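Here is the structure:
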């Protein structure tokens, strides 16, 4: 009986042990499942919050982009020309003044002066129809003219017009201060009587008695023509008033140096009277040619864009050469009229009148 009782108690203990282990395993599984569900819920909430943040950032960026596009559109609408709206390129540069001239209706002179700073005034004067077309000034990455070397620069600047006003004031002053000499210098080219009357006036010297005003005026116009030749020759950086002043002073110094050499030569061979008449005749011719050529220079400067592809530099060079040729011919004819054409006078004329300008134009033509 004792043996049966011991066996019965052992069987009961084993059964109780198996039941406790089963309960513990089930409890462990339940805890693991609940922990997994909690971690999944936490991760899901984190991913949802990140998605919401990303969507909010995207909405902000989209709003910023829309505002920037609207602002750019309003900026573009501020500068329409004949229905075309120019958008600044990546360099932030305004359209070229000559390009603006091509799109304006008849405001060529004002547009060449404004340099892109009086758009509203020019549009009111020309009554431009804005239209609805939009033209974007984008940059083609394969366009060779995107290189800085090929950038266009406006040629029409105000300083040339201001120079014209200054020269007009000088002419008016000469006309008011020396009315008789003004008339004699013009008539003296075609009539020897008036020229003799001018030369016999002892108050008229090489640089005094109105001759200095004529000298300064004629050399200023000649320097303006030479500057115009350099500008149309491609040296656009020279298009500046201060560069003109330096160029003008160089021309004055060169001409006065040449006249000093001529005076020394004439004094050494006792030809002072011939030189005095020759210089005054040259002043007369230069004065009349300055009155004729400067309006041509002014028109060419501000209307050169109308002659697209034309060799404007060669045209201006021809005007300057024609100036010297006309002056030389009339000076040579004057030697015949004065009956002073001898060997020394011919040598003086060829060496100190023709040769320096020939060398000058030959050197300029190679630039």
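In the working numbering, the protein residues as written are 1 to 367. All residues carry an ideal CB built from backbone N, CA and C; glycine is no exception. Treat the numbers as computed from the prediction; the structure is a model and nothing was measured.
Assign residue i to one of two classes, buried (16 or more other C-beta atoms within 10 Å of its C-beta) or exposed (fewer than that).
i: residue 289; result: buried
i: residue 331; result: buried
i: residue 317; result: buried
i: residue 327; result: buried
i: residue 157; result: buried
i: residue 239; result: buried
i: residue 286; result: buried
i: residue 310; result: exposed
i: residue 242; result: exposed
i: residue 166; result: exposed
i: residue 362; result: exposed
i: residue 162; result: exposed
i: residue 190; result: exposed
i: residue 54; result: exposed
i: residue 342; result: exposed
i: residue 260; result: exposed
i: residue 212; result: exposed
i: residue 72; result: exposed
i: residue 68; result: exposed
Could you pull the start and end residues of the alpha helix (DSSP H) that residue i belongs to?
i: residue 185; result: 179-187
i: residue 240; result: Careful: residue 240 lies outside any alpha helix (DSSP H) and carries neither H nor E.
i: residue 223; result: 211-232
i: residue 341; result: That residue, residue 341, is in no alpha helix (DSSP H); it is neither H nor E in DSSP.
i: residue 292; result: 272-303
i: residue 207; result: Run containing residue 207: none; DSSP gives neither H nor E here.
i: residue 307; result: Taken as a continuous stretch (DSSP letters only), residue 307 belongs to no alpha helix (DSSP H), as it is neither H nor E.
i: residue 191; result: From DSSP, residue 191 is part of no alpha helix (DSSP H); its letter is neither H nor E.
Near residue i, what residues of its chain come up, given a Cβ to Cβ distance below 8 Å and the 5 sequence neighbours on each side ignored?
i: residue 338; result: 274, 277
i: residue 266; result: 272, 274, 275, 348
i: residue 414; result: Given a span of 1 to 367 for the chain in the structure shown, any question on residue 414 remains unanswerable.
i: residue 199; result: 276, 277, 280
i: residue 359; result: none
Can you find the residues in the same chain that come closer than 6 Å, C-beta to C-beta, to residue i, ignoring five residues on each side of it along the sequence?
i: residue 164; result: 298
i: residue 192; result: 337
i: residue 244; result: 227
i: residue 194; result: 184, 187, 188
Enumerate in chain order the residues of its own chain whose CB-to-CB distance from residue i is below 7 Å, with the five nearest sequence positions on each side excluded.
i: residue 312; result: 232, 300, 304
i: residue 235; result: none
i: residue 350; result: none
i: residue 357; result: 324
i: residue 220; result: 167, 248
Answer yes or no: does any C-beta atom of chain D fall closer than 7 Å to that of residue i?
i: residue 61; result: Of the chains in the structure shown, none is chain D; there is only one protein chain.
For this session: Pair every Cβ in the region 167-176 with every Cβ in the region 249-262, then say whether three or more of these pairs are closer than 8 Å.
Result: No: the two stretches stay apart, fewer than three of their Cβ pairs being nearer than 8 Å.
Problem set entry | Three-pair Cβ contact test at 8 Å for the region 339-353 versus the region 237-255 | Proximity of the region 339-353 to the region 237-255 falls short of the contact definition, fewer than three beta-carbon pairs being nearer than 8 Å.
Exercise. Pairing CB atoms from the region 200-218 with CB atoms from the region 178-189, are three or more of them under 8 Å?
Worked result: Judged by Cβ distances under 8 Å, the region 200-218 makes contact with the region 178-189, as three or more pairs qualify.
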